[in-house]
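K.L.:
Letter 142 of the sequence shown, counting from 1, is numbered 155 in our numbering, and no numbers are missing. Glycine residues also receive a C-beta, built at the ideal position from the N, C-alpha and C atoms. Quick one: the structure is below, questions incoming.
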Amino acid sequence: MTAPRARQEGRLRRLAGDLLSLFQGLGLTFGYFISPARVITQQYPENKASLRMTPRFRGRLVMPKDEAGNHRCTACGLCEKACPNGSISVLSEKDSAGRKVLGRYLYRLSQCALCNLCVEACPFGAIAMGQAFELAVYDREQLTLVLNQKEETTTNV
Ligand code: SF4
Ligand code: SF4
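Here it is as structure tokens:
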């Protein structure tokens, strides 16, 4: 086979491949057009009230508490050590019996990469990645949170 002919055949093969992928794309679009129930694009924010994230979605860090406001954190500091960018500060204190307990659990959302390493490091299941996804605020001080209080608060520490 001569070189010009081989080049021409190569071009024709590429053209055929391009046309095939074009028609595949058009077929997919047409399929969604005639059966809109298959469309998985979220109509956000119109569907805000009913929108549920997938179970493995990683929103910001949360510290689950029971009805009395108790958490499971022992202030061991493993999550703080596991965090690659210093988003967590575990500030411990002593209780009346002289035992180390959690004072304040500071979480800096502005630095957090949502990597989940802190959650994996915690031996007590005291923290988790939450489902919240609307995290924008107007004041950057609101991005540093104290997670261990019954109602989460912000801090400028
Ligand atoms: S999710 Fe990652 S970056 Fe965020 S606090 Fe945990 S370890 Fe740090
Ligand atoms: S959240 Fe878990 S790993 Fe972090 S200080 Fe508390 S008990 Fe330790």
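1. Would you mind reading off the limits of the beta strand (DSSP E) that contains K107?
2. Use the C-beta contact count for S100: other C-beta atoms within 10 angstroms, 16 or more gives buried, fewer gives exposed.
3. Measuring alpha carbon to alpha carbon, tell me which residue in E147, A149 and C128 is nearest A141.
4. Quick one, which of L74, N60 and F43 has its alpha-carbon nearest V132's?
5. Around ligand 2, what residues have a beta-carbon under 6 Å from a heavy atom of it, in chain order?
6. Please list, following the chain, all residues that have a C-beta closer than 7 Å to any non-hydrogen atom of ligand 1.
7. Could you check the C-alpha separation between A19 and L32 for me, to the nearest Å?
8. When you compare each of R51, L115, L91 and L122 to G143 by their alpha carbons, which one comes out closest?
9. Note down, in chain order, each residue of its chain lying with its Cβ closer than 8 Å to the Cβ of A95, except the 5 sequence neighbours on either side.
10. Take C125 and list the residues in its own chain whose beta-carbon comes closer than 7 Å to its own, dropping the five residues that flank it on each side.
P.N.:
The short version:
1. According to the DSSP assignment, K107 belongs to the beta strand (DSSP E) that extends over I101 to K107.
2. buried
3. C128
4. L74
5. C86, T87, A88, C89, G90, L91, C92, V103, A134, C135, F137, A139 and I140
6. L74, C92, A95, C96, P97, N98, S100, I101, Y120, Q124, C125, A126, L127, C128, N129, L130, C131, V132 and M142
7. 20 Å
8. L122
9. L130, C131, E133 and A134
10. R73, L74 and S100
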